[in-house]
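Notes follow once the structure below has been shown.
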Amino acid sequence: MAQREVERFERVVLPHLDDAYTLARYLLRDEHDAQDAVQDAVLRALRYFETYRDGDARAWLLAIVRNCCLTWHRRQRGDRATVPLLDIDVADIGGGRETDARAIARSEREALQRAVAALPVEFREVIVLREVQELSYKEISAVVGVPIGTVMSRLARGRKRLAAALGVGVQEAG
Amino acid sequence: MHCADYRELLSALVDDELMADEVADVRQHLAGCADCARDYDALEEVSRRLKEGVVRHSAPDVLKARIRSALAQPDAFSPAAEPPRAPGRLRWTTLAAAGLVIAVASSAVTFGALHRAGPGNGVPEALLDSHIRSLMPGHLTDVVSTNQHLVKPWFNGRLDLSPSVPNLDSLGFPLIGGRLDYIEGRPVAVVVYGRRQHVINVYSWPVNGASGTRPAAADQRGYHLVEWRAGDVEYWAVSDLNRVELDQFVKLFAR
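Chains as they are written, first to last, in the numbering used here: chain A, 1 to 174; chain B, 1001 to 1255.
Below you can see the structure in the form of structure tokens.
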């Protein structure tokens, strides 16, 4: 591959590294696994860069990251207990006495992270792609490789589970 | 349509992913159905909380450094003759083997590149291979810490040397951690620093009867190496960081 191609790759793909890493963090729930998966995905992306046509590079990269993460998942399954890790700001921990309002906000954020981490992966991935990465249904459908209708129903079911886990609008059994 | 038919559309309405006529239809239903309206509010609330409260991560500098380093490898660009393995802890072995071939092929050329010999003339190449290997997944550090008071004691009992681990964080060179490595068959201490997306490996090992020497620089395969001695300790810094900043780092480290 010519040096120019490599430079084009760096220009087109590398700006989306944060998004790639965020997706991997949510899918694998482990910081080191996420780093390994993203590195693997980027190298894979480079090898298949010729097949990339001008278009949404972010969605293209996210699709590769997702596949690397799921491969990783399958290889690791059974190897370890999956304990959802929390992403808590260190600054929030060492802060000494915190106000009630801050404590509540923090515990709400933790509950949210925990609820997302506890979702089965097929719901978690569409939720993250939609709410964190803000992809359209069409883009999510391309990344995950399922029809738009499936994206729609997984999002609906994922949100419903989250609503139940967070105690949002559950006045009656359904 | 019945309520059940609307349930899936409610979530899509939150995302603004419905056709105009569907939107009108769903809105009309919501106006007359308290159950569905409550469900819709709940979905919207969940979506709002996620957008506001969920953590977005930044790719760590070390990951960027690893990727940059991997992209700089000549074989990174070869078309997918062998599709890359799933995230692999094994891959470094092939890379190390490749590095060895390069080292052997180029050792004749680099033999005289450094004006001062270490324990052997293969040292710079061995350091460079170690540096490149350290950038592969899971190989950078044995002890990960940004705290010098944790990294330094970690070497106790593992080496006959307690390497210096200065705190250069405030000067733009954050500590990443440390590891044990083997260079030409001897265990050496490696203290790892970062600079933006670059990684700096500082190798050190004891030498006999030497006095201090000023830093001497060498470039190899696009990487920069700096060697110096302080008392009876030999130091090497290896990085793909630019020459000016690496020299600056060495000056601060050796201070």
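C-beta: ideal position from N, C-alpha, C; glycine also.
Asked: Report buried or exposed for residue 1239 of chain B, applying the criterion of at least 16 other Cβ atoms within 10 angstroms of its Cβ.; Found: buried
Asked: Buried or exposed for residue 32 of chain A, please, with buried defined as at least 16 other CB atoms from any protein chain shown within 10 angstroms of its CB.; Found: exposed
Asked: Can you give me the start and stop residues for the alpha helix (DSSP H) that residue 143 of chain A sits inside?; Found: 137 to 144
Asked: Looking only at its own chain, which residues have a Cβ that is under 6 Å from the Cβ of residue 1012 of chain B, when we skip the five neighbours before and after it?; Found: 1018
Asked: Look up residue 1166 of chain B in the DSSP assignment and say whether it is helix, strand or coil.; Found: coil
Asked: Nearest-angstrom Cα distance between residue 1048 of chain B and residue 20 of chain A?; Found: 22 Å
Asked: Is residue 1161 of chain B helix, strand or coil by DSSP?; Found: coil
Asked: List the residues of chain B whose Cβ lies closer than 8 Å to the Cβ of residue 166 of chain A, in chain order.; Found: 1046 and 1049
Asked: Could you give the DSSP three-state label for residue 1153 of chain B: helix, strand or coil?; Found: helix
Asked: Whether or not the stretch 37 to 52 of chain A and the stretch 141 to 156 of chain A are in contact is what I'm after, with contact meaning three or more pairs of Cβ atoms, one per stretch, closer than 8 Å; do they touch?; Found: no
Asked: Between the stretch 1143 to 1150 of chain B and the stretch 1159 to 1179 of chain B, do three or more beta carbon pairs fall short of 8 Å?; Found: yes
Asked: Which bits of chain A does residue 1017 of chain B rub up against, with CB to CB less than 8 Å?; Found: 136, 137 and 152
Asked: What number of angstroms, rounded off, separates the C-alpha of residue 111 of chain A from the C-alpha of residue 1201 of chain B?; Found: 39 Å
Asked: What first and last residue would you give for the alpha helix (DSSP H) that runs through residue 1061 of chain B?; Found: 1061 to 1071
Asked: Going straight from the alpha carbon of residue 1159 of chain B to that of residue 1255 of chain B, what length do you get?; Found: 23 Å
Asked: Residue 1051 of chain B: which of A:65, A:129 and A:15 sits nearest, CA to CA?; Found: A:129
Asked: Run the CB neighbour count on residue 1079 of chain B, radius 10 Å, all protein chains shown included, and call it buried at 16 or more, exposed below.; Found: Unreliable positioning characterises residue 1079 of chain B in this predicted model, as indicated by a pLDDT of 44, which lies under 50. The coordinate reading is nonetheless provided below. Exposed is the call here.
Asked: Using the three-state DSSP reduction, which class does residue 1230 of chain B fall into: helix, strand or coil?; Found: strand
Asked: Less than 8 Å separating the beta-carbons of residue 1063 of chain B and residue 39 of chain A?; Found: yes
Asked: Compare the C-beta of residue 61 of chain A with all C-beta atoms of chain B and state if any pair is closer than 8 Å.; Found: no
Asked: For the stretch 1048 to 1067 of chain B, which residues have a CB atom closer than 8 Å to at least one CB atom of chain A, in sequence order?; Found: 1049, 1050, 1051, 1053, 1054, 1055, 1056, 1057, 1058, 1059, 1060, 1062, 1063, 1064, 1066 and 1067
Asked: With DSSP run on the structure shown, which of helix, strand or coil describes residue 1110 of chain B?; Found: Note that residue 1110 of chain B has pLDDT 35, beneath the 50 cutoff, so the model's placement of it is unreliable and the number below is only indicative. Helix at residue 1110 of chain B.
Asked: Inspect the beta-carbon positions of residue 1204 of chain B and residue 1244 of chain B and report whether they are closer than 8 Å.; Found: no
Asked: Can you tell me which of A:54, A:61 and A:53 puts its alpha carbon nearest to the alpha carbon of residue 15 of chain A?; Found: A:61
Asked: Who are the near neighbours of residue 1005 of chain B in its chain, counting only those whose CB is closer than 8 Å to its CB and skipping five residues on each side?; Found: none
Asked: Kindly indicate the opening and closing residues of the alpha helix (DSSP H) around residue 1250 of chain B.; Found: 1243 to 1253
Asked: Could you tell me which residues DSSP pairs with residue 1200 of chain B in its beta bridges?; Found: B:1193 and B:1239
Asked: Note the first and the last residue of the continuous beta strand (DSSP E) segment covering residue 1181 of chain B.; Found: 1175 to 1183
Asked: Grab the span of the alpha helix (DSSP H) containing residue 99 of chain A for me, first residue to last.; Found: Note, residue 99 of chain A: premise wrong, no alpha helix (DSSP H); not H, not E.
Asked: Report the rounded CA-to-CA distance for residue 1247 of chain B versus residue 9 of chain A, giving the unit in angstroms.; Found: 30 Å
Asked: Residue 1187 of chain B by DSSP, collapsed to three states: which one?; Found: strand
Asked: Take residue 41 of chain A as the anchor and find which of A:132, A:139, A:165 and A:69 has the nearest alpha-carbon.; Found: A:69
Asked: So, at 6 Å on beta carbons, what are the nonlocal neighbours of residue 63 of chain A in its own chain, with the 5 sequence-adjacent residues on each side left out?; Found: 143
Asked: Output needed for residue 140 of chain A: all residues of its chain with C-beta closer than 7 Å, excluding positions within five of it in sequence on either side, in chain order.; Found: 126, 129, 130 and 151
Asked: With 8 Å as the threshold, decide whether the Cβ of residue 21 of chain A is near any Cβ in chain B.; Found: yes
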